[in-house]
Amino acid sequence: MAVAERGACPKGGNNGVFADLHAALTPHQAQVEAERCFYCYDAPCTTACPTSIDIPLFIRQISTGNALGAAGTILEANIMGAMCARVCPTEQLCEEACVRNTAEEQPVRIGLLQRHATDALLADGRQLFAKGAETGKTVAVVGAGPAGLACAHALARAGHAVTVFEGRDKAGGLNEYGIAAYKAVDGIAAREVDYILGVGGIEVKTGTRLGTDVSLDLLRAQFDAVFLGMGLGGVNAVGVAGEDLDGVFDAVEVIAKIRQGEPVAVGRRAIVIGGGMTAIDIAVQIRLLGAEDVTIVYRGEEARMKASPYEREVARTRDVRIKTGLKPVRILGLNGKVTGVEFAGPGGEMEIIAADQVFKAVGQKFLSGEAAVALEGGRIKVDAERATSLPGVYAGGDCVAGGQDLTVAAVEDGKIAARAIDAYLRA
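Following this line, the structure appears as C-alpha cells:
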C-alpha cells in the first residue's frame, strides 16, 4: 500500500508529509532562552560537545542580537552545525552537562539556540569562510557525508584542491539519506551542503563508488593524500529463517526512500527489530505514514538500547510500542508473505507477534573491498590523527573502528584528519 493511499500523514515538511519535530525559536524566545545561560568560564557544555563549540560565547552573541556572529562561532568548530542542532543527542551531551540541568529546572535549550543561529545564517546567505591560498596539493575524499565534507571544507580553507567521490546521487551522506524526515524538513541537509561547498575549492563527483568506479590504489596515485569517509554499508542480517519473505525490509533503505520523497509501502501492522536510532526513526515514520500498529522489539534490556531515553519517548508519544527481552527466532510467512515474527523470551518462552511488515534495524556493516587498509573489528583501523596503515591515507566517521555513529563525532573526525593531512602535505 503506497503512502498516498493512507491518510494519517501530518502536513508540512518533506514533500508535505512530515511536520517538524520541534518548532524553531522565535527571535524573542531565543533572546529569553539565551539570557538563562550563566556563560560559565569552564563551561561543562563545551567540554561535553565532541566538536568543542564555544557554547557560552555563541549564546552570549545571541543574547546581544548577533545571531550571525553566533553562527560563525558554531561553524568554526562544527561546519555542520545546522544539522547537528537537529539530530545531535543534546540531551546526552551539552544539555545534560548544563549547570541548569537540575531537579528544579530544565537545561538551557542549547540545540534550539544553535539551530536559531545557523538557520539565520543560511537564510542570510553570506559566506563566512574562504578558500585558502593554493598550495598546489590535491586530496581525494571518499564519501560526501559529515566526515568527508568536514574534512574537505577544512582542507579547502587550508588551500588544498579537494575532489570528493560520492557513491550516491547527492552529497550529504547520513544527513541526506539516513535521518528521519521529521528531523530535517525543508531541505535543510541539502542547503547546509550547498553552504559548505560555497567555500570553493571542492569538486564533488557523485555516482562514483570506491571499489566499483575507482580504486584506492588509483586515488593514491592521482592525489597527494586520501581521506576515507564512506560511512557504513547495508544493514546486518537478523540471522533467522524468513528474511527473504515479501514484506521484510532494510530499515536504512526505507528511511532513504522516505527522505527522497519516494513512495513507500505502509502495512497495517509493523515490527521493527533493533534498538538504535535507526529503529526509532523507521518506527516513528511508518507510524506517521499510516501504520496502525508498530512495535519495536529489542533483545536486551531497555537500558541497553542505543536509542536515547528521549528518542524512545518520542516513539512512545507517537503510539509506537517498545518490547524488550525478546530474541527473534524466525520470521513467519504464508504464501511467501510475512505474517509475523516468533520471539524467544529470557526464560525460553515463545511469543508470536503478528505483522505484515518487518523492518531490520540491527546495526550496519562496513563494506570495504580495499583489503590493503588494516581493519579492526570489521572497520578501518586509525590512530589518534585518523591515519590508516597506509601512508597518506586517513579515515574518519562511521567506517573507522571506534566510530560513534553520530554526525557530530564524524565531523570531529573530519576536522582532526584535515589537520593531520595539512601537516602531512606541508612536511
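Just so you know, we're using our numbering here: the sequence shown kicks off at 1 and counts up by one. Each residue gets a CB set at the ideal place from its N, CA and C atoms; glycine is no exception. It should be emphasised that the depicted structure is a prediction, and the values quoted were computed from it without experimental measurement.
So the alpha helix (DSSP H) residue 112 belongs to, where does it begin and stop? To locate residue 112, count along the sequence shown from 1; it is residue 112. Taken as a continuous stretch (DSSP letters only), the alpha helix (DSSP H) holding residue 112 covers 110-124.
Could you give the DSSP three-state label for residue 344: helix, strand or coil? Position 344 of the sequence shown, counted from the first residue, corresponds to residue 344. Here residue 344 sits in strand by DSSP.
At 4 residues or longer, and completely inside the segment 199-224: list those alpha helix (DSSP H) runs for me, N to C. 216-222
CA-CA distance, residue 345 and residue 283? Position 345 of the sequence shown, counted from the start, is the residue given in the question as residue 345. Position 283 of the sequence shown, counted from the start, is the residue given in the question as residue 283. Cα to Cα, the separation comes out at about 22 Å.
Hey, quick one: how far does the beta strand (DSSP E) through residue 255 stretch, first residue to last? Position 255 of the sequence shown, counting from 1, holds the residue named residue 255. It is not in any beta strand (DSSP E) - residue 255 instead sits in the alpha helix (DSSP H) that spans 251-259.
Residue 232 and residue 399: beta carbons closer than 8 Å? Walking along the sequence shown from the start, residue 232 turns up at place 232. Walking along the sequence shown from the start, residue 399 turns up at place 399. Yes, these two residues count as a Cβ contact at 8 Å.
Just the C-alpha distance for residue 92 and residue 310, rounded to the nearest angstrom, thanks. Locating residue 92 in the sequence shown gives position 92, counting from the first residue. Locating residue 310 in the sequence shown gives position 310, counting from the first residue. Going from the Cα of residue 92 to the Cα of residue 310 covers about 9 Å.
So, does the segment 238-246 touch the segment 331-350, judging by three or more C-beta pairs under 8 Å? yes
Could you pull the start and end residues of the alpha helix (DSSP H) that residue 277 belongs to? As a working mapping, residue 277 is identified with position 277 in the sequence shown. Here the alpha helix (DSSP H) through residue 277 covers 277-288.
If contacts are defined as beta-carbon pairs under 8 Å, then residue 56 and residue 43 qualify, I think. What distance do you get, rounded to the angstrom? Residue mapping note: residue 56 aligns to position 56 of the sequence shown, counting from 1. Residue mapping note: residue 43 aligns to position 43 of the sequence shown, counting from 1. Correct: roughly 5 Å between the Cβ atoms.
Evaluate the contact criterion for the segment 171-181 versus the segment 102-111: three or more CB pairs, one atom per stretch, below 8 Å. no
Is residue 73 helix, strand or coil when you go by DSSP? Within the sequence shown, the letter at position 73 stands for residue 73. The answer is helix: DSSP assigns residue 73 an H, G or I state.
Considering only the alpha carbon of each residue, which of 79, 375 and 64 lies closest to residue 53? Translated into the one-based positions of the sequence shown, residue 53 becomes position 53. Out of 79, 375 and 64, 79 has the C-alpha closest to the C-alpha of residue 53.
Taking the alpha-carbon of residue 112 as reference, which of 374, 365, 208 and 89 has the nearest alpha-carbon? Numbered from its first residue, the sequence shown carries residue 112 at position 112. If we check each option's Cα against that of residue 112, 89 comes out closest.
Pick out whichever of 257, 375, 196 and 201 has its Cα sitting closest to the Cα of residue 126. Numbered from its first residue, the sequence shown carries residue 126 at position 126. For residue 126, the nearest C-alpha among the options comes from 196.
Counting along the chain, where does the alpha helix (DSSP H) carrying residue 83 start and finish? Position 83 of the sequence shown, counting from 1, holds the residue named residue 83. Per DSSP, residue 83 belongs to the alpha helix (DSSP H) from 81-87.
Identity of the residues DSSP links to residue 387 by a beta bridge: Working through the sequence shown from its first residue, we reach residue 387 at position 387. The partner list for residue 387 (beta bridge, DSSP) reads 394.
Between the C-alpha atoms of residue 7 and residue 285, what's the straight-line distance to the nearest angstrom? The residue given as residue 7 occupies position 7 in the sequence shown. The residue given as residue 285 occupies position 285 in the sequence shown. At residue 7 the pLDDT is 30, less than 50, meaning the model places this residue with poor confidence; the figure from the coordinates comes in the next sentence. So the alpha carbons of these two residues sit roughly 14 Å apart.
Please determine, among 23, 193, 247 and 47, the residue with the shortest C-alpha to C-alpha distance to residue 151. Taking the first residue of the sequence shown as position 1, residue 151 is located at position 151. Nearest C-alpha to residue 151: 193.
Does the contact criterion of 3 or more C-beta pairs under 8 Å hold for the segment 114-124 versus the segment 57-69? yes
Alpha helix (DSSP H) containing residue 357: first to last residue? As a first step, residue 357 must be located in the sequence shown, where it is residue number 357. First-last for residue 357: 357-360, but that is the beta strand (DSSP E), not the alpha helix (DSSP H).
When we look at the beta-carbon of residue 423 and count the other beta-carbons within 10 Å, is it buried (16 or more) or exposed? Locating residue 423 in the sequence shown gives position 423, where the first residue counts as 1. Exposed, because fewer than 16 other Cβ atoms sit within 10 Å of the Cβ of residue 423.
Nearest-angstrom Cα distance between residue 84 and residue 331? Along the sequence shown, one-based indexing puts residue 84 at 84. Along the sequence shown, one-based indexing puts residue 331 at 331. Straight-line Cα distance between these residues: approximately 36 Å.
Curious, which full-length beta strand (DSSP E) runs of at least 3 residues does the segment 121-195 contain? 138-142 and 161-166
Per DSSP, cross-strand counterpart(s) of residue 328: Position 328 of the sequence shown, counted from the first residue, corresponds to residue 328. Residue 328 is bridged to 343.
Near residue 159, what residues of its chain come up, given a Cβ to Cβ distance below 6 Å and the 5 sequence neighbours on each side ignored? Your numbering for residue 159 matches position 159 in the sequence shown. These residues qualify, in order along the chain: 132, 133, 134 and 135.
If distances are taken between C-alpha atoms only, which option among 294, 376 and 416 comes closest to residue 358? Walking along the sequence shown from the start, residue 358 turns up at place 358. Taking only the C-alpha atoms, the option nearest residue 358 is 294.
Residue environment, residue 352, which counts as buried when at least 16 other CB atoms sit within 10 Å: As a working mapping, residue 352 is identified with position 352 in the sequence shown. So residue 352 ends up on the exposed side.
Where residue 404 falls: helix, strand or coil (DSSP): Here the question's residue 404 lines up with position 404 in the sequence shown. Coil.
Counterpart residues of residue 350 in DSSP-defined beta bridges: On the sequence shown, position 350 is the one that residue 350 refers to. DSSP output for residue 350 lists 344 as bridge partner(s).
Could you tell me the boundaries of the alpha helix (DSSP H) in which residue 269 lies? What you label residue 269 is simply residue 269 of the sequence shown in a count that begins at 1. Segment 269-273 is the beta strand (DSSP E) holding residue 269; no alpha helix (DSSP H) there.
Could you spell out the range, first to last residue, of the beta strand (DSSP E) harbouring residue 32? As a working note, residue 32 is residue 32 in the sequence shown. Segment 27-34 is the alpha helix (DSSP H) holding residue 32; no beta strand (DSSP E) there.
I'd like to know whether the C-beta atoms of residue 277 and residue 323 end up nearer to each other than 8 Å. As a first step, residue 277 must be located in the sequence shown, where it is residue number 277. As a first step, residue 323 must be located in the sequence shown, where it is residue number 323. Result no, Cβ atoms of residue 277 and residue 323 do not sit closer than 8 Å.
Residue 417 - partner residues in DSSP beta bridges: Numbered from its first residue, the sequence shown carries residue 417 at position 417. DSSP output for residue 417 lists no bridge partner at all.
Quick check: the Cα distance between residue 405 and residue 147, rounded to an integer number of angstroms? For the purposes of this step, residue 405 is identified with residue 405 of the sequence shown, where counting begins at 1. For the purposes of this step, residue 147 is identified with residue 147 of the sequence shown, where counting begins at 1. For residue 405 and residue 147, the distance between alpha carbons rounds to 11 Å.
What residue range does the alpha helix (DSSP H) around residue 59 cover? Translated into positions along the sequence shown, residue 59 becomes position 59. Note, residue 59: alpha helix (DSSP H), 55-63.
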